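Trainee: Pasting a structure below so you can have a look.
Protein chains: 2
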Amino acid sequence: MLQESLGLEGKCAIVAGGGALPLALAEACRTHERPYVLLGLEGFAEAGALKGHPHRWARIGAVGRVIAAIREEAATEVVFAGHVRRPSLAALRPDLYTVRLLARIGAKALGDDGLMRQVAAAFEAEGLKVVGVASVLADALAQPGPLGRLAPDATAWEDIRRGVEVAAALGRADAGQAVVVQQGIVLAIEAAEGTDRMVARAARLRREGPGGVLVKMAKPQQDRRMDLPVIGADTVAAAVAAGLSGIAVEAGGVLVLDREAAIRRADDAGLFITGAEPGSGAPRR
Amino acid sequence: MLQESLGLEGKCAIVAGGGALPLALAEACRTHERPYVLLGLEGFAEAGALKGHPHRWARIGAVGRVIAAIREEAATEVVFAGHVRRPSLAALRPDLYTVRLLARIGAKALGDDGLMRQVAAAFEAEGLKVVGVASVLADALAQPGPLGRLAPDATAWEDIRRGVEVAAALGRADAGQAVVVQQGIVLAIEAAEGTDRMVARAARLRREGPGGVLVKMAKPQQDRRMDLPVIGADTVAAAVAAGLSGIAVEAGGVLVLDREAAIRRADDAGLFITGAEPGSGAPRR
Chain A
301 MLQESLGLEG KCAIVAGGGA LPLALAEACR THERPYVLLG LEGFAEAGAL
351 KGHPHRWARI GAVGRVIAAI REEAATEVVF AGHVRRPSLA ALRPDLYTVR
401 LLARIGAKAL GDDGLMRQVA AAFEAEGLKV VGVASVLADA LAQPGPLGRL
451 APDATAWEDI RRGVEVAAAL GRADAGQAVV VQQGIVLAIE AAEGTDRMVA
501 RAARLRREGP GGVLVKMAKP QQDRRMDLPV IGADTVAAAV AAGLSGIAVE
551 AGGVLVLDRE AAIRRADDAG LFITGAEPGS GAPRR
Chain B
301 MLQESLGLEG KCAIVAGGGA LPLALAEACR THERPYVLLG LEGFAEAGAL
351 KGHPHRWARI GAVGRVIAAI REEAATEVVF AGHVRRPSLA ALRPDLYTVR
401 LLARIGAKAL GDDGLMRQVA AAFEAEGLKV VGVASVLADA LAQPGPLGRL
451 APDATAWEDI RRGVEVAAAL GRADAGQAVV VQQGIVLAIE AAEGTDRMVA
501 RAARLRREGP GGVLVKMAKP QQDRRMDLPV IGADTVAAAV AAGLSGIAVE
551 AGGVLVLDRE AAIRRADDAG LFITGAEPGS GAPRR
């Protein structure tokens, strides 16, 4: 079970992309008897997951209508949660509000994160209060140090440092946030395919011998109110299947969903999960 | 046909990894009646390719024996060419020389490129002259501007700039050198899987609509005497199969092998190939 803490007041609108995070937020609200509504983004949010909760559907290209829906629901705060892929401009079918927004911010020149920052700014310019997932699910943020029974050994720490270094370089360029490193070799880097598929690829690129670490970090300039990177029990399962020795996530920058199940799975398989400081990747050459 | 120019004197030892580059060098030497020998690295160099040329085999873990072989062959200059993956330390089975070399340079803390620089330094410390592939195949280096009939349009240039920016960030961290970008979205980033497989993955991640550019660059700190990144007709075929609109390579930093065939293939399929300056990726935000 996830331990939630609620730092919010009033009705909460959860703008919901894919994955388990929006539902975890909705359940936290329900548990704490806080009013909420899910605004499921078509093509991303999972219909089955939304069913048991108050929800509406919205198109990602219809930012104007999303804002109107939040006002109709009289929600006082907005959380963005879950995975969203930037669609092609052709598939976006933007409403008038979105057309103007894109014209202003020049979407094509931005990475995902730059775009999300601009969308948040647009919501705030409309008088809506955008709060972070972490303020609703504070206990889900990774802390420094081992989460489960196991801790990285010296060899794993060398791979973690290398992974943090590469992930930080990627993050500064607003591209990708996860890598797999084994014996100092960067096996795979995540871009648009998602962490689980990247980890599965790393399994096919592994060298003989022990080791291999998944490192996942927030982007240094990431607006932490917006969607933070997530791991969960599925991520651990992917790492186990790939024969990795562990997972390092940025302390304070990555959410661990379904924490107890994730830790149990890691403990059972002999994997470590550890929170690592961004500074632990400083080049030592 | 490749147009070669030879800037070398005396016998040339080609330390041969995988791919087409070692053979292109051997053929350039033969064409220009320069004495040469291929030192095929077991597990990397293609046996069939070496057959028609004077060659020996060597293990990548036996650096001492590679140096001894070069001396026995009385080669005056050494070229490293072709793709080599860093093996696991377990698979390396290092000879005594290699053990000492690794102890000195601390292989695990280095990326591929850092390691290669150290190997080159070790060869030079042994009195061998290490020269670059580009000095043997000067005409194979990409020049600025379009190589074939087509040139990137404004949309493609936006993707090229983004790709150059991400590839440069990766290169500075000594990890990866190729990315695919479409409509500003980084679809895929190369690590250990190689460019062709990365491009094939990008095809599955493409958004609707036109575009998609493969960007391949040398690492900024790369020792250019060592193995430079390469594209060839196979790379073009992969880009065509992936539905990309073109390929941008770093002018002066990437070798285009089998240039006429590569250009013909690109022209036939309506793809551009262009040499791009590293500075063209400067962030414009």
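Top line first, the protein sequences correspond to chains A and B.
Numbers 301 to 585, taken from our numbering, label the letters of the first sequence in order.
Numbers 301 to 585, taken from our numbering, label the letters of the second sequence in order.
In this text, a Cβ means the ideal position worked out from N, Cα and C, and glycines have one as well.
Computed from a prediction, not measured in an experiment: that's the story for all the values here.
Please report the distance separating the alpha-carbon of H355 of chain B from that of R385 of chain B.
Mentor: Sequence index remark: in the second sequence, residue 355 of chain B carries index 55 (1-based). Sequence index remark: in the second sequence, residue 385 of chain B carries index 85 (1-based). Their backbone Cα atoms lie some 21 Å apart in a straight line.
Trainee: Strictly below 9 Å CB to CB, what residues from chain B border R472 of chain A?
Mentor: Locating residue 472 of chain A in the first sequence gives position 172, counting from the first residue. By Cβ distance, chain B contributes A469.
Trainee: Given that E508 of chain A touches chain B, what residues does it touch there, using C-beta distances under 7 Å?
Mentor: Position 208 of the first sequence, counted from the first residue, corresponds to residue 508 of chain A. Chain B residues near E508 of chain A: S388, A390 and A391.
Trainee: Would you tell me roughly how many angstroms separate the C-alpha atoms of G586 of chain B and E458 of chain A, rounded to the nearest one?
Mentor: Residue 586 of chain B lies beyond the residue range present for chain B, which begins at 301 and ends at 585; the question has no answer from this structure.
Trainee: May I ask which residues mark the beginning and end of the beta strand (DSSP E) holding E377 of chain B?
Mentor: Taking the second sequence and counting its residues from 1, one reaches residue 377 of chain B at position 77. E377 to A381 is the extent of the beta strand (DSSP E) around E377 of chain B.
Trainee: Are the C-beta of G476 of chain A and some C-beta of chain B separated by less than 9 Å?
Mentor: By one-based count along the first sequence, residue 476 of chain A stands at place 176. At least one chain B Cβ lies under 9 Å of G476 of chain A.
Trainee: Where does L487 of chain A sit, in a helix, a strand or coil, going by DSSP?
Mentor: If you number the first sequence from 1, residue 487 of chain A lands on position 187. L487 of chain A: strand per DSSP, three-state reduction.
Trainee: What first and last residue would you give for the beta strand (DSSP E) that runs through E327 of chain A?
Mentor: Start at 1 with the first residue of the first sequence, and residue 327 of chain A comes out as number 27. Note, E327 of chain A: premise wrong, no beta strand (DSSP E); alpha helix (DSSP H) at L321 to T331.
Trainee: Under a Cβ-count criterion, where at least 16 other Cβ atoms within 10 Å of its own Cβ denotes burial, should P444 of chain B be classed as buried or exposed?
Mentor: As a position in the second sequence, residue 444 of chain B is number 144, starting the count at 1. Classification for P444 of chain B: exposed.
Trainee: Can you list, in chain order, the residues of its chain with a C-beta nearer than 6 Å to that of L533 of chain B? Leave out the 5 residues immediately preceding and following it.
Mentor: Taking the first residue of the second sequence as 1, we reach residue 533 of chain B at position 233. Per the sequence shown, residue 533 of chain B should be read as Ala rather than Leu. Same-chain partners within the cutoff: D558, A561, A562 and R565.
Trainee: Would you say L341 of chain B faces chain A, with C-beta separation under 9 Å as the test?
Mentor: By 1-based counting over the second sequence, the position of residue 341 of chain B is 41. Answer no: the Cβ-Cβ gap between L341 of chain B and chain A never drops below 9 Å.
Trainee: The region 511-535 of chain A: which residues have C-beta closer than 7 Å to a C-beta of chain B, in chain order?
Mentor: Taking 7 Å as the Cβ-Cβ cut-off against chain B, none of the residues of the region 511-535 of chain A qualify.
Trainee: Check L571 of chain A in the structure and name its three-state DSSP category.
Mentor: On the first sequence, position 271 is the one that residue 571 of chain A refers to. Looking at L571 of chain A - three-state DSSP - the assignment turns out to be coil, as it is neither helix nor strand.
Trainee: Can the beta-carbon of V513 of chain A be found closer than 9 Å to that of I547 of chain A?
Mentor: Within the first sequence, numbered from 1, the residue matching residue 513 of chain A stands at position 213. Within the first sequence, numbered from 1, the residue matching residue 547 of chain A stands at position 247. Yes, Cβ-Cβ distance for V513 of chain A and I547 of chain A is below 9 Å.
Trainee: Among residues of its own chain, excluding the 5 on either side of V530 of chain A, which ones have a beta-carbon nearer than 6 Å to its beta-carbon?
Mentor: Translated into positions along the first sequence, residue 530 of chain A becomes position 230. For V530 of chain A, where only same-chain residues beyond five positions count, the Cβ hits under 6 Å are L321, L555 and L557.
Trainee: In whole angstroms, give me the CA-to-CA distance for L306 of chain B and V436 of chain B.
Mentor: Looking up residue 306 of chain B in the second sequence gives position 6. Looking up residue 436 of chain B in the second sequence gives position 136. Confidence in L306 of chain B is poor, its pLDDT being 48 and thus under 50, which makes the residue's placement unreliable; the coordinate value appears in the next sentence. So the alpha carbons of these two residues sit roughly 5 Å apart.
Trainee: Would you say V515 of chain B and I460 of chain B are within 9 Å of each other, going by their C-beta atoms?
Mentor: By one-based count along the second sequence, residue 515 of chain B stands at place 215. By one-based count along the second sequence, residue 460 of chain B stands at place 160. Yes. Within cutoff.
Trainee: Out of A:P578, A:E550 and A:S545, point me to the one whose CA is closest to D567 of chain A's CA.
Mentor: Position 267 of the first sequence, counted from the start, is the residue given in the question as residue 567 of chain A. Closest by alpha carbon: A:S545.
Trainee: In chain B, what lies closer than 7 Å to L505 of chain A by C-beta?
Mentor: Within the first sequence, numbered from 1, the residue matching residue 505 of chain A stands at position 205. The answer, in chain order, is A492 and E493.
Trainee: Shortest alpha-carbon distance to R334 of chain B belongs to which of B:L402, B:A326 and B:A347?
Mentor: Along the second sequence, read from residue 1 onward, the residue named residue 334 of chain B stands at position 34. The candidate whose alpha carbon is nearest that of R334 of chain B is B:A326.
Trainee: Can you list, in chain order, the residues of its chain whose CB lies under 7 Å from that of A503 of chain A, leaving out five sequence neighbours each side?
Mentor: For the purposes of this step, residue 503 of chain A is taken as residue 203 along the first sequence, with counting starting at 1. Cβ within range, chain order: A541, A542 and G543.
Trainee: Please report the distance separating the alpha-carbon of A491 of chain A from that of V499 of chain A.
Mentor: The residue labelled residue 491 of chain A in the question sits at position 191 within the first sequence. The residue labelled residue 499 of chain A in the question sits at position 199 within the first sequence. If you take the alpha carbons of A491 of chain A and V499 of chain A, they lie about 12 Å apart.
Trainee: For T535 of chain A, count neighbouring C-beta atoms within 10 Å of its own C-beta (all shown protein chains included) and say buried if the count is 16 or more, exposed if not.
Mentor: Your numbering for residue 535 of chain A matches position 235 in the first sequence. T535 of chain A should be labelled buried.
Trainee: Using a Cβ-Cβ cutoff of less than 7 Å, which residues in the same chain neighbour G364 of chain B once the five nearest sequence positions on both sides are dropped?
Mentor: One-based indexing of the second sequence puts residue 364 of chain B at position 64. Closer than 7 Å at Cβ, skipping near neighbours: D395, L396, Y397 and T398.
Trainee: At what residues does the alpha helix (DSSP H) containing G599 of chain B begin and finish?
Mentor: Any answer about residue 599 of chain B is impossible in this case: the structure gives chain B only from 301 up to 585.
Trainee: Go ahead and pull the three-state DSSP assignment for K311 of chain B.
Mentor: The count along the second sequence starts at 1 and reaches residue 311 of chain B at position 11. Of the three classes helix, strand and coil, the one that applies to K311 of chain B here is coil, per DSSP.
Trainee: Is it buried or exposed for E493 of chain B, if we count other Cβ within 10 angstroms and need 16 for buried?
Mentor: Taking the first residue of the second sequence as 1, we reach residue 493 of chain B at position 193. Classification of E493 of chain B: buried, given that the 10 Å Cβ count is 16 or more.
Trainee: A488 of chain A CB to nearest chain B CB: under 9 Å?
Mentor: Translated into the one-based positions of the first sequence, residue 488 of chain A becomes position 188. True, the Cβ-Cβ gap to chain B drops below 9 Å.
Trainee: Which word fits G427 of chain A, buried or exposed, when buried means at least 16 other C-beta atoms lie within 10 angstroms of its C-beta?
Mentor: By 1-based counting over the first sequence, the position of residue 427 of chain A is 127. Answer is exposed; the Cβ neighbour count stays below 16.
Trainee: Using the three-state DSSP reduction, which class does L544 of chain A fall into: helix, strand or coil?
Mentor: Position 244 of the first sequence, counted from the start, is the residue given in the question as residue 544 of chain A. Coil.
Trainee: Give me the chain A residues within the contact set of E465 of chain B, using Cβ-Cβ distance strictly less than 7 Å, ordered along the chain.
Mentor: Translated into positions along the second sequence, residue 465 of chain B becomes position 165. The contacting residues are A473.
Trainee: So, does the CB of Q418 of chain A fall closer than 9 Å to a CB anywhere in chain B?
Mentor: Here residue 418 of chain A corresponds to residue number 118 of the first sequence, with the count starting at 1. By this cut-off, Q418 of chain A is not an interface position.
Trainee: Give the C-beta separation of A468 of chain A and V479 of chain A to the nearest angstrom, bearing in mind that I take them to be a contact with Cβ-Cβ under 8 Å.
Mentor: In the first sequence, the residue the question calls residue 468 of chain A occupies position 168. In the first sequence, the residue the question calls residue 479 of chain A occupies position 179. That pair is no contact at about 10 Å.
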